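What follows is a short report on a single structure.
Chains as they are written, first to last, in the working numbering: chain Y, 1 to 335; chain P, 1001 to 1309; chain L, 2001 to 2319.
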């Protein structure tokens, strides 16, 4: 195959979390892969497992109560499914970087931006051999360079600012700068613009897009907003109740959505041009993951569901090249 | 609707079913609390200790072997005897059974603790609510007075008060209560201040709820958890403080069976007659430990941050 | 033009903000806005954070008193109503907040929350109260099963329906909706939006709909007012404003929304810089430091007035 080897490959990944009420079957056979330099988005509603998939893969979900039931994770050719804590931390520090919804939570209010940025650069340096480590001057220079890379005005001056002196958009830029410190191969952005205003969101989206093109790193955007994902990503993965229901290029997903859930989601979005006369809502509510529906997890809310849907979990099938759908309608029909 | 067509269902069972439906959510929450609480060994030890001492408070007069020993009887022929089958904890310098006096001392200590904490709550909670909700000069006055009280170590202040009023159990209670309330003002003030700006309080104001309604239905019910936790911790601390006053002779007076006073007198007979001071000391230790562990356990289950949906 | 249900003139609100030790500065949250809601319409007030749109809502609800300006509701000046008259006003203007979870008392049942206005204003008790609460819950599409549940046991959409039930329990005339769907998922938002649309017709309501989400306003509202730093910069019929915005801020706001479609439109306007702090509102037109179409010194010195333009539109811009 001509396709490049994927940077991150998640195969049949299942995760459960035990709670007072019972065992939550949070993820059920997730498949997801990201090629080097590719921008992929995961969309889905609250509780669909989009965040926990990623957090679990990079070892940020405490176990117990969480437990990986099945599946494998490969990163850059290595199997990291059962990698020990130190290995995971090394990968998380150097090769995978993350940014989150609320930048203030991840910045220490007591230290200046410069101090925190320098700390991150030094921490990344510590993973390198002694000879390649930077001295004080070049660390400072690197900090300035990172801030100008994220288009923060007056980077030298901003180094002396405390987080509370910056606006939400600037904080998110600082967080992105920190993420870039280790020259990661993969940037994971978990709802990166949800806390920001529309005009600031546009700036950050432009920045992320620009960085992906300039630095050639892969980016995984997690968002509930299909617009945000559409603005950055080439490929979109739609999740529902702990399963991947559709995986397609951005174009194919919007032009030719296949899964009934994806179609329902698209019909539920109010349009800026007023083209949606009335919004179609998906009947019912998201299922309880302690006792998820048998067969297709979407079947109780699906207007097109048949007997097969109630019995068997639909396999993920490649309908058109690069367009995967997990729905019985497209694989042997609905019984 | 269907009740008429099914006569066998007794009205009593129907009422029970209706009650369970109404309180289904509460019952479930209670079960969750009980489950979480019971999973923590230290919480259970705390609960066990507190229940044990409460049992002694209620049943003490009936289970002690020599009830008259707590009221000043003198049996000099058996004074200062070591622990034995007749006198489990030994006897003191006038021949009174120490076991009896320690058990009956529970009553005294718990009385002091309960009264001190209750008075502190009765004073502190309304002041905290007023300070938290009013703002302006009223808040400034209440909080600054509170600060003054909090800036002096509680025990030192109460010592000074008792020294002025004269030793005695009532004066000790009065002094302790007087230094205890500011803690509640602080707690409730900050809680009320944060609750005041919650959207549900705004929503209540928007539907026309007056101040009394907002206080009693919206602010106070949401203050119950921290009050319960602090109350439990304070019971232990108040008992310790009362014993301290007793120890330096400013609290309960002999022959009243009070732990602090007993240790104080027993101190003169150390180390040969070790049992005299040791057993009241253990009683204080276990009471304070019990209330603290219980308070910790309650905080773990009542703190909304640790509770899942 | 039909008579205004609510008319707001020169509404202003300042906040004193502590800045350092013993220093106070004034933040201008709302800066002299004029607004008229017609009976039966849905008026959308959009703006980014710090634009003052929620402060406007809190003043109309009389949860916050204005620094200056007047508010007239059905011909009555409500700016300083007190006592009995204020209680009657509360029956007629109600609000639904953004976060449905935080706007329900966590220690009280759904029954309590929905019953509260009925107890306060109608003095209902016992069976009459229970019947009316069930009736109101019915209106918002919730069954009686929810009566004795606690907020944490309900989903976000259900909680928002409870909040709406509480707000409509007294048959108000005006419903202020302060970002009612921004905490909800897309499919739940769709349900609530459709339901709100239907409810407005059924109960003969007027909406003041406050939101940062332009698509939602486009979907639900008849007219829209765009706020920037405490001022209304543009107002008009939703379809007109959204298809041909006049004010440069409205233009960039609309252009900044990422669209859920394969191709993003070319020529997006991305504003540089941040929204200035309400403690240091720029002189002249508040938008001039970020404006891509600034025409000159007049923008920096002179505050543009909100002038009427054809088709019932109003724009505050020197262009």
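We put the beta carbon where it would ideally sit given N, CA and C, even for glycine. All values reported here derive from a predicted model rather than from experimental measurement.
Tell me, which residues are paired with residue i by DSSP?
i	result
residue 1049 of chain P	None, per the DSSP bridge assignment.
residue 2073 of chain L	L:2006 and L:2076
residue 92 of chain Y	Note: residue 92 of chain Y sits in no beta bridge, so no partner.
residue 25 of chain Y	Y:16
residue 197 of chain Y	None, per the DSSP bridge assignment.
residue 33 of chain Y	Y:9
So with CB distances below 9 Å, who are the chain P contacts of residue i?
i	result
residue 2085 of chain L	The contacting residues do not exist; residue 2085 of chain L stays about 12 Å from chain P at best.
residue 2339 of chain L	The structure shown does not extend to residue 2339 of chain L, since chain L spans only 2001 to 2319, so no value can be given for it.
Please classify residue i: is it buried, with 16 or more other beta-carbons within 10 angstroms of its beta-carbon, or exposed?
i	result
residue 326 of chain Y	buried
residue 1285 of chain P	exposed
residue 315 of chain Y	exposed
residue 335 of chain Y	Residue confidence is low: residue 335 of chain Y scores 42 on pLDDT, short of 50, so the model does not pin down where it sits. No coordinate-derived value is stated.
residue 2179 of chain L	buried
residue 178 of chain Y	buried
residue 126 of chain Y	exposed
residue 336 of chain Y	This structure does not reach residue 336 of chain Y, given that chain Y is present from 1 up to 335, and the question cannot be answered.
residue 2053 of chain L	buried
residue 283 of chain Y	exposed
residue 2288 of chain L	buried
residue 1084 of chain P	exposed
residue 2305 of chain L	exposed
residue 2296 of chain L	exposed
residue 1275 of chain P	buried
residue 1100 of chain P	buried
residue 2050 of chain L	buried
residue 86 of chain Y	exposed
What residues in its chain sit with their C-beta under 8 Å from that of residue i, if we drop five residues either side in the sequence?
i	result
residue 302 of chain Y	260, 261, 296 and 309
residue 319 of chain Y	258, 325 and 330
residue 1297 of chain P	1037, 1040, 1042, 1043, 1044, 1046 and 1047
residue 267 of chain Y	276, 279 and 280
residue 2314 of chain L	2232, 2234, 2235, 2236, 2306, 2307 and 2308
residue 287 of chain Y	241, 293, 297 and 300
Can you list the residues of chain Y that residue i reaches, using a CB-CB cut of under 7 Å?
i	result
residue 2049 of chain L	197
On a Cα-Cα basis, can you pick out the residue from the options that is closest to residue i?
i	options	result
residue 183 of chain Y	Y:193, Y:172, Y:280 and Y:142	Y:142
residue 1249 of chain P	P:1163, P:1271 and P:1224	P:1163
residue 19 of chain Y	Y:65, Y:133 and Y:9	Y:65
residue 2286 of chain L	L:2117, L:2128, L:2236 and L:2031	L:2031
residue 1114 of chain P	P:1237, P:1282 and P:1264	P:1237
residue 375 of chain Y	Y:7, Y:17 and Y:5	Only positions 1 to 335 of chain Y appear in the structure, and residue 375 of chain Y is not among them; the question remains open.
residue 2129 of chain L	L:2234, L:2277, L:2042 and L:2114	L:2114
residue 2167 of chain L	P:1080, P:1194 and P:1204	P:1204
residue 9 of chain Y	Y:93, Y:38 and Y:311	Y:38
residue 2165 of chain L	L:2152, L:2215 and L:2112	L:2112
Counting only Cβ pairs nearer than 7 Å, list the residues of chain L close to residue i.
i	result
residue 148 of chain Y	Within 7 Å Cβ-Cβ: nothing; residue 148 of chain Y doesn't reach chain L, min ~15 Å.
residue 1199 of chain P	2097, 2099, 2102 and 2103
residue 1218 of chain P	2105
residue 339 of chain Y	As shown, chain Y starts at 1 and ends at 335. That puts residue 339 of chain Y outside it, with no answer to give.
Residues of chain L with CB under 8 Å from residue i, in chain order?
i	result
residue 45 of chain Y	2185, 2186, 2187 and 2188
For residue i, go through chain Y and note every residue whose CB falls closer than 8 Å to its CB, in chain order.
i	result
residue 2218 of chain L	270, 271, 272, 273 and 274
residue 2242 of chain L	272, 273 and 274
Go through its chain and collect everything with a Cβ distance to residue i's Cβ below 7 Å, but skip five positions before and after it.
i	result
residue 79 of chain Y	72
residue 200 of chain Y	168 and 169
residue 1187 of chain P	1128, 1226 and 1230
residue 96 of chain Y	58, 184, 186 and 188
residue 1143 of chain P	1131 and 1189
residue 2077 of chain L	2070
residue 336 of chain Y	Since the displayed chain Y opens at 1 and closes at 335, residue 336 of chain Y lies outside it and no answer follows.
residue 2079 of chain L	2066, 2070 and 2071
residue 1155 of chain P	1241 and 1244
residue 2282 of chain L	2276, 2288 and 2289
What does a CB cutoff of less than 6 Å around residue i pick up in its chain, not counting 5 residues either side in sequence?
i	result
residue 110 of chain Y	none
residue 2142 of chain L	2161
Taking C-beta pairs closer than 8 Å, name the residues in chain P that residue i reaches, listed in chain order.
i	result
residue 2094 of chain L	1206 and 1207
Cβ closer than 9 Å: which chain L residues qualify as neighbours of residue i?
i	result
residue 1202 of chain P	2058, 2061, 2063, 2095, 2097 and 2103
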